[in-house]
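Residue numbers (the numbering used here): 571 to 890.
Here's the structure, in structure tokens; my notes come after.
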């Protein structure tokens, strides 16, 4: 999917997951609340754990889906891992937030910031662990982890503030009828949307390199380059799946990340891999804007402009 749709679905997915979490906690815990401090802390932790589990699982699944070319089954492991990590994130954040709220109610926002940070962290942990076990370059996974932390923290802060404001405003407006239209339902929905949108935006804004499918299977897709080796082909396990083209081999080509540089390598295919209509021999360096053709499919390679690259591209003026 495109990056615009990715951010949109992350926001909507986070919102619906949070609303579902509110419905579950409402059914399980009711509206009365606890009066004893330790019971209140445990209940808040449990509620936030449910929220974190559903939001984390939804965002983890959507993130994996965006990179899989729509292959739903391949997203299940990532969604389950993030559901578990999100549950832990919510439990910790909910407990911390409620504990701080005993001092001042607004300090509960700190708990939501912590929850968002940990959910964002969880988004990058499965990929990082996989690369660590394979003893591969971790830089791409670390960048994704960093982006998730930044987005989760921002989303938790914005969502926590929005939750406090929405709950306060609706409670004031509705008065004694607040229970009939729970302010927390709106607040949790906004919180989930904020966390999802912020994590999605961070992944997009802070991206280093990506590929746009110009023609072929599902044109318009944008795929982040966040692994040391990106497989292109029509096999189910390929990072960039190009299905339906018989001229594309199961494992046709590979984008390789070496330091700050990106390369493409053909997989010894009979049809070959082409960059700007020149056949790739061995390993070829990629530059932003290069057109990669495999079979009848065309991919556009893009990189984020860096200050040092811009300076290097400008010829030095001759002093007069």
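Using N, Cα and C, we set each Cβ at its ideal position, and we do this for glycine too.
Check: Bridge-paired residues (DSSP) for residue 849; Outcome: 844
Check: Residue 826 (DSSP reduced to helix, strand or coil); Outcome: strand
Check: Cα-Cα separation between residue 579 and residue 717, rounded to whole angstroms; Outcome: 17 Å
Check: Cβ-Cβ distance between residue 795 and residue 825 below 8 Å; Outcome: yes
Check: Three CB pairs or more closer than 8 Å across the segment 640 to 652 and the segment 590 to 599; Outcome: no
Check: Rounded C-alpha distance that separates residue 685 from residue 662; Outcome: 7 Å
Check: As assigned by DSSP and simplified to three states, the class of residue 884; Outcome: Confidence is the limiting factor: at residue 884 the pLDDT is only 46, short of 50, which leaves the residue's position unreliable and the question unanswerable from this model.
Check: Continuous beta strand (DSSP E) stretch holding residue 779: start and end; Outcome: 779 to 785
Check: Collapsed DSSP secondary structure at residue 801 in the structure displayed; Outcome: strand
Check: Between the CA atoms of residue 582 and residue 741 - distance to the nearest angstrom; Outcome: 25 Å
Check: Under 8 Å between C-beta atoms of residue 591 and residue 621; Outcome: yes
Check: Of the listed residues 688, 867, 715, 659, nearest to residue 614 (C-alpha basis); Outcome: 659
Check: Among 823, 797, 859, the one whose alpha carbon lies nearest that of residue 803; Outcome: 823
Check: Straight-line Cα distance separating residue 874 from residue 880; Outcome: Residue placement at residue 880 is poorly supported in this model, since its pLDDT is 44, which falls under 50; the coordinates still yield a value, given next. So the two alpha carbons sit approximately 11 Å from each other.
Check: Opening and closing residue of the alpha helix (DSSP H) in which residue 679 lies; Outcome: 678 to 704
Check: Residue environment, residue 634, which counts as buried when at least 16 other CB atoms sit within 10 Å; Outcome: buried
Check: Given 8 Å, three or more beta-carbon pairs between the segment 852 to 859 and the segment 753 to 773; Outcome: no
Check: Cβ contact (3+ pairs, closer than 8 Å) linking the segment 678 to 695 and the segment 719 to 736; Outcome: yes
Check: Of the listed residues 861, 871, 799, 669, nearest to residue 837 (C-alpha basis); Outcome: 799
Check: Proximity of residue 637 and residue 815 at Cβ, strictly below 8 Å; Outcome: no
Check: Residues that residue 759 bridges to, as DSSP identifies them; Outcome: None; residue 759 has no bridge partner.
Check: Simplified DSSP state of residue 725, which is helix, strand or coil; Outcome: helix
Check: Residue 653 - containing alpha helix (DSSP H), residue span; Outcome: 646 to 671
Check: 8 Å Cβ shell around residue 886 - same chain, five flanking residues per side excluded; Outcome: Note that residue 886 scores a pLDDT of 44, beneath 50, so its modelled location is shaky; the value from the coordinates is reported in the next line. Contacts found: none.
Check: Top-ranked residue by Cα proximity to residue 792, from 782, 700, 698; Outcome: 782
Check: Boundaries (first-last residue) of the beta strand (DSSP E) holding residue 857; Outcome: Residue 857 -> no beta strand (DSSP E), and no H or E assigned at all.
Check: Nearest residue (CA-CA) to residue 572, options 784, 691, 827; Outcome: 784
Check: Beta carbon of residue 812 nearer than 8 Å to that of residue 730; Outcome: no
Check: Proximity of residue 653 and residue 627 at Cβ, strictly below 8 Å; Outcome: yes
Check: Coil, strand or helix - residue 836 by DSSP; Outcome: strand
Check: Backbone CA spacing between residue 722 and residue 858 [nearest angstrom]; Outcome: 29 Å
Check: Coarse secondary structure for residue 774, derived from DSSP in three states; Outcome: helix
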